[in-house]
Amino acid sequence: MSGAETVQAQQEEPRDEAVEQVGIDSPDAAMQAAAPVSPHAERRAETMRIFQRMRKLPPGDPERERLRAEVIEDHMAYARRIASRYGGHGEVVEDFVQVAYLGLVKAVDNFDPEHGTGFLGYATPMIMGEIKRYFRDATWDVHVPRRMQELSSALRKATEALTQELGRSPSIAELADRVKATPEEVVEAMDAASAYTTASLDRPVRVDSSEGASLAEFVGGEDPRFDAVVNREVLKPLLAKLGERDKRILMMRFFRNMTQSQIGEELNVSQMQVSRLLTRILDELRAGFE
């Protein structure tokens, strides 16, 4: 490989990493995210048929309520999947799930099948909007000082150690002595940590004949197909907002597998300009996922 080719390869390589940060691992994955997935087509069609039937029924009609409940139930797993994306901030994921369900219900109640938009395309931004509003109005108002966070972590370790040493739960005074803090600070740290405590998957539960089972046995596994659906529905409106040249650049780069130099020749711009354009476009798409 010549020196010029090496430089070009080094310049073009990071762009694929940027694509991965947006949630697209390859041109094939980008195509799957942007295009409809055929196995779900019948389900989408059935959902639209249900909404059409609901429109013909008056509010309060038992059949309308039954159909409404059916749509909500059918899409709860989808709403939960969106909520799980926001669970890495220290808050309890289940809180986000409940907020996502609220957004789903609002979407079902306000969706108009005559507007030409698919239900998921309408519901996805509404569900995400509810979660982001929850972040703004509730979660972000709670500030835990770093000192309390560190003390909370130390208390967890001290509690485990003292419980083993003493054969019982330690007192506040014993914990304070172990972590070199005042009893008041220990109580404050415990209060701060309570909002971030989740149930252990090893916790024993008793459900009829399942005595002795752990919580983990009742938690379903993740279906990777939900990620593809969520990515596709989130990308649709983001791609629609792009200008024609930006769409053309994405098409050439990720669907036609053209190099930045080849794109530059077709657009009559330099490879460096193409690199900057791709970076800007991908940054815009990435921002839509946050």
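Counted from 1, the sequence shown has number 231 at position 246 by the numbering used here; the numbering is strictly sequential. The beta carbon of each residue, even a glycine, is placed where N, CA and C say it ideally should be.
Candidates the options: which alpha carbon is nearest residue i's?
i	options	result
V82	K117, F96, R51	K117
E55	P43, R66, R65, M39	M39
M237	L227, S255, I248	I248
D162	P47, G45, A143	A143
E99	A26, D231, F36	F36
L136	P168, G88, P110	P168
A62	R51, A85, E170	A85
E79	Y119, F104, T102, P47	Y119
S246	S138, V172, V254	V254
G106	A225, Y71, R51	A225
E58	E229, V172, G45, V90	V90
G228	R265, R132, P44, M243	R265
Residue i by DSSP, collapsed to three states: which one?
i	result
A166	coil
T264	helix
D97	coil
G228	coil
K306	Only positions -14 to 275 of the chain appear in the structure, and residue 306 is not among them; the question remains open.
Y71	coil
K41	coil
G205	Residue placement at G205 is poorly supported in this model, since its pLDDT is 46, which falls under 50; the coordinates are not used for a value here.
V254	coil
G88	helix
G152	coil
Y63	helix
R28	helix
T102	coil
M133	helix
A80	Position check: residue 80 holds Asp in this sequence, whereas Ala was assumed. It is helical.
T244	coil
L270	helix
V192	The predicted position of V192 is uncertain, since its pLDDT is 45 and thus under 50; no value can be drawn from it.
For a quick check, are the C-beta atoms of residue i and residue j less than 8 Å apart?
i	j	result
I234	L263	yes
A174	L140	yes
A108	H60	yes
L42	R34	no
L223	L252	no
R53	V93	yes
With a threshold of 16 other CB atoms inside 10 Å of the CB of residue i, please say whether the residue is buried or exposed.
i	result
A68	buried
M32	Before going on, a small fix: residue 32 reads as Thr here, not Met. When all chains shown are included, T32 counts as buried.
R261	exposed
R65	buried
P155	buried
G88	buried
A272	exposed
A166	buried
E207	Note that E207 has pLDDT 49, beneath the 50 cutoff, so the model's placement of it is unreliable and the number below is only indicative. Classification of E207: exposed, given that the 10 Å Cβ count is below 16.
Evaluate contact between the region 105 to 116 and the region 147 to 162, counting only Cβ atoms and requiring at least three cross-stretch pairs below 8 Å. In short, these stretches do not touch, since the Cβ pair count stays below three.
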